[in-house]
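Comments concern the structure below.
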Amino acid sequence: MAVQQNRKSSSRRDMRRSHDRLTAAAISIEPTTGEVHRRHHISPTGYYRGRQALVVKTKSEEDEG
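Remember, the numbering used here sits 423 above the position in the sequence shown when you count from 1.
See the structure below:
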């Protein structure tokens, strides 16, 4: 196994870790329904960019058919 030659200071350790932070997901609001969804993803009701892109079945429709 590789072993470091000299001890790394806490400053160098923290500078290395500065890029490891997590960012919050970009969120959009659907203009027609007002629902919140991730950017470039379809909303739970099947709308994307103000248009019905997908017909989503409800639980009552699934039970009937």
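Here a beta-carbon is modelled for each residue, glycine too, at the ideal position from N, C-alpha and C. Remember, predicted model here, so these are calculated numbers, not experimental data.
#1: DSSP state of R440, grouped into three classes?
#2: For Y471 versus T456, is the C-beta distance shorter than 8 Å?
#3: Would you check if the distance between the CB atom of I465 and the CB atom of V459 is smaller than 8 Å?
#4: State the beta-bridge partners of I450 as determined by DSSP.
#5: What is the DSSP secondary structure of R474, counted as helix, strand or coil?
Per the coordinate set shown:
#1: helix
#2: no
#3: no
#4: R461
#5: strand
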